[in-house]
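S.K.:
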Ligand SMILES: [Fe+2]
Ligand SMILES: [Fe+2]
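Numbering (the numbering used here), first residue to last: 28 to 214.
(1) With distances taken between CB atoms, is the gap from residue 69 to residue 49 smaller than 8 Å?
(2) For the alpha helix (DSSP H) containing residue 194, name the first residue and the last one.
(3) Below 8 Å between beta carbons: does that hold for residue 100 and residue 174?
(4) Report yes if the C-beta of residue 73 is less than 7 Å from at least one heavy atom of ligand 1; otherwise report no.
(5) Around the C-beta of residue 172, are 16 or more other C-beta atoms found within 10 angstroms, so that it is buried, or is it exposed?
(6) Determine the burial state of residue 33: buried for a count of at least 16 other Cβ atoms within 10 Å of its Cβ, exposed for fewer.
(7) If you drop the 5 nearest sequence neighbours on each side, which residues of the same chain put their C-beta closer than 8 Å to that of residue 94?
(8) Please return the same chain residues whose Cβ sits closer than 8 Å to the Cβ of residue 114, not counting the five positions on each side in sequence.
(9) Of the choices 179, 66 and 168, whose alpha-carbon is the least far from that of residue 39?
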């Protein structure tokens, strides 16, 4: 069965986009506090960040991993206690932090002095910053190479099909170039 595009290469490109976004958030927060633009601008930036985590990281990319790649990879390496289990736990943790940010941002919008809400948002944002970068590194360096090594071409096509169906359904909301499988063979 021919592979029309390489789902792992696409996931890795999305990771690079996420790392750039994390960098932007860090810069944004430093700039906003440096300029003394105040709490309202920071709260708006956090609200956008929560949306990005929910839609792009979890709802789009995470769904392709959890519905496409992971279930097929566990046929070879199992789930419990293995690297896929760890990745799923981390997805859950990222989701929890996203919920904390999303729940507390409206409190900031009504009361910019809400100390508890600020603390919760900044602790969760720092945690996401560290966790997401580390999670991406593990997938790029360990899990994805493992998938390339153990998945048969037919299984890789299965992953591609599921991922493409999700992209079609969600309208490829995270705009990355989708490399053709043929582009990647020379790498
Ligand atoms: Fe992941
Ligand atoms: Fe990922």
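Note that the Cβ used here is the ideal one computed from N, Cα and C, for glycine as well.
Computed from a prediction, not measured in an experiment: that's the story for all the values here.
M.R.: Walking through what the data contain:
(1) no
(2) 180-197
(3) Residue 174 is positioned such that its CB atom lies closer than 8 Å to that of residue 100.
(4) no
(5) By the C-beta density criterion, residue 172 is exposed, having fewer than 16 other C-beta atoms within 10 angstroms.
(6) buried
(7) 189 and 193
(8) 92, 97, 162, 165, 166 and 170
(9) 168
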